[in-house]
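Q: The structure follows.
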Amino acid sequence: MAKRMTKKEKERVNRIMKLLDNEYGTDNICYLEHNSAWQLLIATILSAQCTDARVNIVTKDLFVKYPSLEAFAAADQKELEEDIRSIGFYRNKSKNIIACAKRLVTEFNSEVPETIEDLVSLAGVGRKTANVIRGNVFNQPCIVVDTHVKRISKKLGFTKEDDPEKIEYELMKILPQDHWILYNLHIITLGRSICTARNPQCEKCFLKYECPSSGY
Ligand code: SF4
12 MAKRMTKKEK ERVNRIMKLL DNEYGTDNIC YLEHNSAWQL LIATILSAQC
62 TDARVNIVTK DLFVKYPSLE AFAAADQKEL EEDIRSIGFY RNKSKNIIAC
112 AKRLVTEFNS EVPETIEDLV SLAGVGRKTA NVIRGNVFNQ PCIVVDTHVK
162 RISKKLGFTK EDDPEKIEYE LMKILPQDHW ILYNLHIITL GRSICTARNP
212 QCEKCFLKYE CPSSGY
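For the sequence shown, position 19 matches number 30 in the working numbering, and the numbering has no gaps at all.
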């Protein structure tokens with residue numbers, strides 16, 4: 012979409028936000044089960060290239076076995092690998108989780124930091140994970156760009172970019188700030204149900220009259 016939006020484009024964006032709100036509500040929900048900021052951080056690191064449902068199955072036992080950041084910091088890497096084996100990239104994830112937990116314990120007083128700079132300085136934490144934490148834990152307006160947001164934002168004509176960081180900045184210019192956190196949640200729900208990667212069902216989609224990819 013153009014850098015400077017026309018009035019018409021702004022109105023279309025607002026109509027899309029309203030349609031999403033009407034369909035999915037305005038509650039902030041998090042699909043990754045957690046009871047604390049550090050649990051969400053670890054669950055989000057685990058969720059790369061893996062479904063939230065699978066992560067939730069694994070973390071149910073994992074957070075009992077390792078009930079604190081200190082426990083993760085002291086974990087044996089091979090043992091942790093076995094604990095998270097059913098999740099992809101378990102070797103890297105295991106290494107990153109231990110390194111991340113160690114730094115949180117030693118340098119951040121066992122607290123999850125709030126700023127994007129501190130968050131992305133942690134092992135295994137990129138912008139996407141950092142924004143999940145900023146939005147869900149600290150309620151800071153930010154846009155999480157995952158595979159659904161990337162794909163569907165293109166379909167909606169909000170971006171032509173491929174790079175998640177560029178998409179994030181472009182969406183920040185286009186979307187009203189009070190929808191930054193919700194947009195990701197709504198688009199994930201849409202992407203898992205109607206606008207799937209393999210088979211977007213435009214005929215069933217409540218956005219079809221606003222979406223340039225629908226053919227309506
Ligand atoms: S109209 Fe089609 S392409 Fe557009 S968001 Fe809906 S399912 Fe996806």
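Glycine is no exception: its CB is placed at the ideal position from the N, C-alpha and C atoms.
What residues in its chain sit with their C-beta under 7 Å from that of Glu172, if we drop five residues either side in the sequence?
A: Translated into the one-based positions of the sequence shown, residue 172 becomes position 161. Answer for Glu172: Ile178 and Glu181, listed in chain order.
Q: Please classify Val66: is it buried, with 16 or more other beta-carbons within 10 angstroms of its beta-carbon, or exposed?
A: What you label residue 66 is simply residue 55 of the sequence shown in a count that begins at 1. Buried is the call here.
Q: Could you name each continuous beta strand (DSSP E) segment of 3 residues or more that falls completely within the segment 68-108, going from the start of the chain to the end?
A: Listed in chain order, there is nothing to give.
Q: I need the DSSP call for Pro175, collapsed to helix, strand or coil.
A: Against the sequence shown, residue 175 aligns to sequence position 164. In the structure shown, Pro175 sits in a helix (DSSP, three-state: H, G or I).
Q: Taking the alpha helix (DSSP H) that Val160 belongs to, which residues open and close that run?
A: Locating residue 160 in the sequence shown gives position 149, where the first residue counts as 1. Where Val160 is concerned, the enclosing alpha helix (DSSP H) stretches over Thr158 to Lys166.
Q: Who are Pro211's beta bridge partners in DSSP?
A: Walking along the sequence shown from the start, residue 211 turns up at place 200. Answer is Cys206.
Q: Does the beta-carbon distance from Leu133 to Arg145 come in below 9 Å?
A: The residue labelled residue 133 in the question sits at position 122 within the sequence shown. The residue labelled residue 145 in the question sits at position 134 within the sequence shown. No, they are not a contact pair.
Q: Is the beta carbon of Phe169 sitting closer than 9 Å to the one on Ile185?
A: The residue you call residue 169 lines up with position 158 of the sequence shown. The residue you call residue 185 lines up with position 174 of the sequence shown. Against a cut-off of 9 Å, the Cβ pair of Ile185 and Phe169 comes out as a contact.
Q: Output needed for Leu167: all residues of its chain with C-beta closer than 8 Å, excluding positions within five of it in sequence on either side, in chain order.
A: Numbered from its first residue, the sequence shown carries residue 167 at position 156. Correct list, in chain order: Ile27, Leu218, Glu221, Cys222, Pro223 and Ser224.
Q: Ser97: buried (16+ other C-beta within 10 angstroms of its C-beta) or exposed?
A: By one-based count along the sequence shown, residue 97 stands at place 86. The residue is exposed, with fewer than 16 neighbouring Cβ atoms inside 10 Å.
Q: When the distance is taken between beta carbons, is Ile56 closer than 9 Å to Ile127?
A: Position 116 of the sequence shown, counting from 1, holds the residue named residue 127. Position 45 of the sequence shown, counting from 1, holds the residue named residue 56. No, Cβ-Cβ distance for Ile127 and Ile56 is not below 9 Å.
Q: Any idea if Lys104 is buried or exposed, counting beta-carbon neighbours within 10 angstroms, 16 or more meaning buried?
A: On the sequence shown, residue 104 is found 93 positions in, with the first residue counted as 1. So Lys104 counts as buried.
Q: So, Cys216 versus Leu201, is the Cβ gap smaller than 9 Å?
A: Counted from its first residue, the sequence shown places residue 216 at position 205. Counted from its first residue, the sequence shown places residue 201 at position 190. It is a contact, given that the beta carbons lie within the stated cut-off.
Q: What number of angstroms, rounded off, separates the C-alpha of Pro211 from the C-alpha of Pro175?
A: Along the sequence shown, read from residue 1 onward, the residue named residue 211 stands at position 200. Along the sequence shown, read from residue 1 onward, the residue named residue 175 stands at position 164. Cα-Cα distance, rounded: 21 Å.
Q: Could you give the C-beta distance for Ala112 and Phe83, rounded to a whole number, given that I count them as a contact under 8 Å?
A: Residue numbering aside, residue 112 sits at position 101 when the sequence shown is read from its first letter. Residue numbering aside, residue 83 sits at position 72 when the sequence shown is read from its first letter. Sure, about 4 Å apart at Cβ, within 8 Å.
Q: For my contact list, Val123 and Trp49 are in at a C-beta cut-off of 8 Å; report their separation, rounded to the angstrom.
A: Counting from 1 along the sequence shown, the entry for residue 123 is found at position 112. Counting from 1 along the sequence shown, the entry for residue 49 is found at position 38. That pair is a contact at about 5 Å.
Q: How about Arg162 and Cys206: are their beta carbons less than 9 Å apart?
A: Within the sequence shown, the letter at position 151 stands for residue 162. Within the sequence shown, the letter at position 195 stands for residue 206. Closer than 9 Å, so yes.
Q: Any residue with its C-beta under 7 Å from a non-hydrogen atom of ligand 1 counts. Can you list them all in chain order?
A: Answer in sequence order: Ile163, Lys166, Leu167, Leu201, Ile205, Cys206, Pro211, Gln212, Cys213, Cys216, Leu218, Lys219, Cys222, Ser224 and Ser225.
Q: Does the beta-carbon distance from Leu80 to Ser58 come in below 9 Å?
A: Position 69 of the sequence shown, counting from 1, holds the residue named residue 80. Position 47 of the sequence shown, counting from 1, holds the residue named residue 58. Taking 9 Å as the Cβ cut-off, Leu80 and Ser58 do not qualify as a contacting pair.
Q: Going by C-alpha distance, which of Ala85, Asn142 and Lys89 is nearest Thr117?
A: Walking along the sequence shown from the start, residue 117 turns up at place 106. Cα-wise, what sits closest to Thr117 is Ala85.
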